[in-house]
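Following my numbering, the numbering of the sequence shown begins with 1338 at its first residue and continues without gaps. Using N, Cα and C, we set each Cβ at its ideal position, and we do this for glycine too. Predicted model only: the values in this text are computed from it and were never measured.
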Amino acid sequence: MHGDGRGVLAEALVSWLSLYGVASAFQVYWNQTTRSRLERCIMFLLECLGALLFVRGFFWISGIKFFGILTYVVAAVIPLAILLYVEALLRRHFALWAKTFVLAGTAFFLALALWGNLHAHPLWLPVFTSYILAMQLVLSGAIVFHDRADFAPIEGRAVAAIAVAVVLIVPFVATDLAADLGLHMARVGSVGILIFVHAIVVASEPRSNAPRLLVANLAVIAIAALLGAIQSYVIGDVRPATVARSAAMFACIILLVMIHSRVHAYGQIARGPGLVRSIAAADTRTTESFLRVLDRLPMVAAYRLLRARDLSAYEFWSFPGVFRARSEKVITCNQLRRSPRARASNASAGSGDAIYHAEQLEDLMEREAMTHAVLIQESPVTLLLVQIPSAGMEQAAIAQLGLVRTVAEAIERSNSHA
């Protein structure tokens, strides 16, 4: 055990304790059988962060080369995981130079880590530290300075929540890198990782709020620092490193409680236990009155019912064919954002207009800033567009919208025969 043995052990314990927060967030996406690209990228990032939190504690305590190699193998992959996540979040590809920078750095430092020449090398470790900081600046800039006009308001709030976490995580992670370089500094990077994980969960909520998230994180830091100072005073060791480690432990505990409560609430939203009761008590005289049940679903940010007269700018009579080609009654905008080749492979043989019709539906959804399209009725065409931008809700959203569609279709049929 290097340096202050008790201090290093405390840092390792905080790292291992932080695993609970990562695992709790990961469970939200693991339970989904249908996942969007953003959800898959979140899972990959959480897997990398969890592996890092687990392995590095053993390296800090023992200094064994094997654990050092594992630690930096995972650390070398994390920049790539963050790149993929940010691209999926922004729905935009990074510039070629930025992708090349991250991919080349990942490949180079991964090879060095596997060779065992990264975790303790006097040259490559500082270079890797500089690469990590540069990568964080590039990705932070992409998030903070994104074009807000490209997003619906709720998507903009999600991106803003992640931007807050990215800005806050940098100084915390810098302490880990500085300690690995041999500087006498307490490692509190686990707190930064938990702040980031908490932001991922918050950003996945339909009504995320970046200013409130910033205030909450600053409050956690302030309370943890105060408690850490009090504990250090009580035990008679008021060195800055001791205060920092004590504060990191308190911050970790507070953030774990916050993540746990968010995940629990998230599960309640996904299950939608009140949907059936809402449907039973709904006004079913018209489809419009019935669809007010969507106002009671926390995952739904907005919705709009469109009939033939609202779709006159499109070849709306072709929209049912788009749903039939996929054997679905609920389609997401992400499913329509496929390459023309993928669309053509899904289209039936001889249907040369299938791609164009799918693009028309995609254009309609983007114009209305909606994420899901529900075919209520084929003739006359009745379409429900819903905005559910929250990651981790894909499976629950499709299931609940399917239930709403079934009732709405029955109402449409009964009214047409009345």
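Using the rule of at least 16 other Cβ atoms within 10 Å of the residue's Cβ for burial, across every protein chain shown, is residue i buried or exposed?
| i | result |
| --- | --- |
| N1554 | buried |
| R1494 | buried |
| P1548 | exposed |
| E1376 | buried |
| Y1759 | The structure shown does not extend to residue 1759, since the chain spans only 1338 to 1755, so no value can be given for it. |
| A1559 | exposed |
| G1687 | Residue confidence is low: G1687 scores 45 on pLDDT, short of 50, so the model does not pin down where it sits. Its coordinate-derived value is still stated next. By the 10 Å Cβ count, G1687 comes out exposed. |
| A1618 | exposed |
| E1652 | exposed |
| S1753 | exposed |
| H1430 | exposed |
| I1591 | buried |
| V1575 | exposed |
| D1632 | exposed |
| A1733 | buried |
| A1540 | buried |
| L1382 | buried |
| A1516 | buried |
| I1567 | exposed |
| I1572 | exposed |
From the DSSP secondary-structure annotation, give me the bridge partner or partners of residue i.
| i | result |
| --- | --- |
| R1641 | L1722 |
| I1668 | A1710 |
Quick one: what's got a C-beta closer than 8 Å to residue i's C-beta in the same chain, skipping five residues either side?
| i | result |
| --- | --- |
| G1529 | L1505, I1506, V1507, P1508, F1509 and V1510 |
| G1387 | L1356, V1359, A1360 and F1363 |
| R1374 | A1425 and N1671 |
| C1385 | V1411, V1414, I1415 and A1418 |
| R1742 | K1666, V1667, V1711, L1712, I1713 and L1721 |
| I1398 | M1338, V1345, L1346 and A1349 |
| S1477 | A1500, V1503, V1504 and V1507 |
| A1479 | V1423, L1427, F1431 and A1435 |
| E1746 | I1713 and Q1714 |
What three-state label does DSSP hand residue i in the structure shown?
| i | result |
| --- | --- |
| N1454 | coil |
| S1373 | coil |
| I1558 | helix |
| L1462 | helix |
| S1399 | helix |
| V1571 | helix |
| S1598 | helix |
| A1432 | coil |
| N1546 | coil |
| A1515 | helix |
| E1625 | helix |
| S1355 | coil |
| P1416 | helix |
| D1620 | coil |
| E1705 | coil |
| S1716 | coil |
| D1632 | helix |
| A1523 | coil |
| R1576 | coil |
| S1649 | coil |
| N1752 | helix |
| D1700 | helix |
| R1663 | coil |
| F1482 | coil |
| S1477 | helix |
| S1467 | helix |
Near residue i, what residues of its chain come up, given a Cβ to Cβ distance below 7 Å and the 5 sequence neighbours on each side ignored?
| i | result |
| --- | --- |
| L1518 | L1462, P1463 and T1466 |
| H1339 | With a pLDDT of 48 at H1339, under the threshold of 50, the modelled position of that residue is not reliable, and the figure given next carries that caveat. Cβ within range, chain order: V1345 and G1400. |
| G1739 | K1666 and V1667 |
| I1379 | Y1366, Y1422, I1537 and A1728 |
| L1449 | L1455 and W1461 |
| K1402 | G1453 |
For residue i, I'd like the list of residues in its chain whose CB is within less than 6 Å of its CB, leaving aside the five on either flank, ordered along the chain.
| i | result |
| --- | --- |
| F1823 | In the structure displayed, the chain extends from 1338 to 1755; residue 1823 sits before or after that span and is not available. |
| T1408 | V1392, R1393 and F1396 |
| A1536 | A1498, I1499 and A1502 |
| W1353 | G1394 |
| L1593 | Y1357 and G1358 |
| Y1468 | G1442 |
| S1655 | H1694 |
| G1405 | F1396 and H1456 |
| Q1473 | V1507 |
Does the region 1621-1628 come close enough to the region 1388-1404 that 3 or more CB-CB pairs lie under 8 Å?
Contact between the region 1388-1404 and the region 1621-1628 is absent, because fewer than three Cβ pairs lie under 8 Å.
Do the region 1715-1722 and the region 1589-1598 make contact, defined as three or more Cβ pairs closer than 8 Å?
Contact check between the region 1715-1722 and the region 1589-1598: fewer than three CB pairs, one atom from each, fall below 8 Å, which does not count as touching.
How about the region 1520-1527 and the region 1572-1583: do they share at least three Cβ pairs that are nearer than 8 Å?
Enough Cβ pairs lie closer than 8 Å, so yes.
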